[in-house]
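Peer 1: Just dropping this structure here.
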Amino acid sequence: MGFADRFLHAVNSTNLQDDAHHHDTDPLCAAALADTAGAGIGSLLSRVKYADGTQHKLFESGSANLAQLLRIWTARVIEKGRERKWLKENTAWDSDSAQKLYRRIAERSLAHWLDGKCPACSGSGNTADRRICAPCKGTGKAEIAGAGGFELEKVKDMVSELEGLLQSHNARAGGILR
Ligand SMILES: [Zn+2]
Numbered sequence: 286m287g288f289a290d291r292f293l294h295a296v297n298s299t300n301l302q303d304d305a306h307h308h309d310t311d312p313l314c315a316a317a318l319a320d321t322a323g324a325g326i327g328s329l330l331s332r333v334k335y336a337d338g339t340q341h342k343l344f345e346s347g348s349a350n351l352a353q354l355l356r357i358w359t360a361r362v363i364e365k366g367r368e369r370k371w372l373k374e375n376t377a378w379d380s381d382s383a384q385k386l387y388r389r390i391a392e393r394s395l396a397h398w399l400d401g402k403c404p405a406c407s408g409s410g411n412t413a414d415r416r417i418c419a420p421c422k423g424t425g426k427a428e429i430a431g432a433g434g435f436e437l438e439k440v441k442d443m444v445s446e447l448e449g450l451l452q453s454h455n456a457r458a459g460g461i462l463r
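In terms of my numbering, the sequence shown has 374 at position 89, counting the first letter as 1, and numbering is strictly consecutive.
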């Protein structure tokens, strides 16, 4: 079982007591340790991505983990946007519109990362009669809705950052478990 599977099992497990027959708490400890060693957001990403079920619905209705994740992620995106000077923020108006843009980028990148499957083929890339899905051209990925140009480019960047954060979190947590 990979780390993500073990983590999912542990998070969903009703019995978190650690005993001789029960090692479900190990992945949780490893995740916590990996967080201490790393970026802090990894365990939350893992929890929301693998353990909260139907992410798309949850993103709309809002779960506690997801709300927390979105807050942390938005703060990160604002930090990155400023560091990388995505926008000029010289005036109050600039800064206000920059905040709005950062927020949209944070929300869209997180939503796409959590549930970026092509709705026509549910992410398989094929139709039911095994032909290549036309809307996604076989990639299985949905278009990022409502964004274009500069914003779309930044949303894509942030989707890869999220994926990178999760991968390095899983690698660290996996390393601790071994
Ligand atoms: Zn498709």
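The beta carbon of each residue, even a glycine, is placed where N, CA and C say it ideally should be.
1. Run the CB neighbour count on A419, radius 10 Å, all protein chains shown included, and call it buried at 16 or more, exposed below.
2. Helix, strand or coil for K365 per DSSP?
3. Between L355 and L329, is the Cβ-Cβ spacing less than 7 Å?
4. CB-CB under 6 Å to W398, same chain, minus the five flanking residues each way: which ones, in chain order?
5. Leaving aside the five residues before and after Q384 along the sequence, list all residues of the same chain whose C-beta is less than 8 Å from its C-beta, in chain order.
6. Under a three-way DSSP split, which group does N375 fall into?
7. If you draw a straight line from the alpha carbon of A360 to that of S331, how long is it in whole angstroms?
8. Mark A391 as exposed unless 16 or more other C-beta atoms lie within 10 angstroms of its C-beta, in which case mark it buried.
9. Helix, strand or coil: how does DSSP classify L399 here?
10. With a Cβ-Cβ cutoff of 7 Å, do Y387 and G408 count as a contact?
11. Can you list, in chain order, the residues of its chain whose CB lies under 6 Å from that of W358, leaving out five sequence neighbours each side?
12. Take W371 and list the residues in its own chain whose beta-carbon comes closer than 7 Å to its own, dropping the five residues that flank it on each side.
13. Please tell me whether I326 and L450 are closer than 7 Å, where the distance is taken between their beta carbons.
Peer 2: Taking the definition as stated:
1. Against the sequence shown, residue 419 aligns to sequence position 134. A419 is exposed by the Cβ-count criterion.
2. Within the sequence shown, residue 365 is the residue found at index 80, counting from 1. In the three-state reduction of the DSSP assignment, K365 falls in the helix class, which pools H, G and I.
3. Indexing the sequence shown from 1 puts residue 355 at position 70. Indexing the sequence shown from 1 puts residue 329 at position 44. It is not a contact, given that the beta carbons lie outside the stated cut-off.
4. Taking the sequence shown and counting its residues from 1, one reaches residue 398 at position 113. Cβ within range, chain order: V444, L447.
5. Against the sequence shown, residue 384 aligns to sequence position 99. Taken in chain order, the residues that qualify are I363.
6. Position 90 of the sequence shown, counted from the first residue, corresponds to residue 375. Coil, per DSSP.
7. Locating residue 360 in the sequence shown gives position 75, where the first residue counts as 1. Locating residue 331 in the sequence shown gives position 46, where the first residue counts as 1. One C-alpha to the other measures close to 18 Å.
8. On the sequence shown, residue 391 is found 106 positions in, with the first residue counted as 1. Its Cβ being crowded by 16 or more others within 10 Å, A391 is buried.
9. Locating residue 399 in the sequence shown gives position 114, counting from the first residue. Looking at L399 - three-state DSSP - the assignment turns out to be helix.
10. As a position in the sequence shown, residue 387 is number 102, starting the count at 1. As a position in the sequence shown, residue 408 is number 123, starting the count at 1. No, the Cβ-Cβ distance between Y387 and G408 is not below 7 Å.
11. Counted from its first residue, the sequence shown places residue 358 at position 73. Within the same chain, W358 has close Cβ partners A391, L395.
12. Residue 371 sits at position 86 when you count from the first residue of the sequence shown. Answer for W371: K439, listed in chain order.
13. In the sequence shown, the residue the question calls residue 326 occupies position 41. In the sequence shown, the residue the question calls residue 450 occupies position 165. Cβ distance < 7 Å, so I326 and L450 count as in contact.
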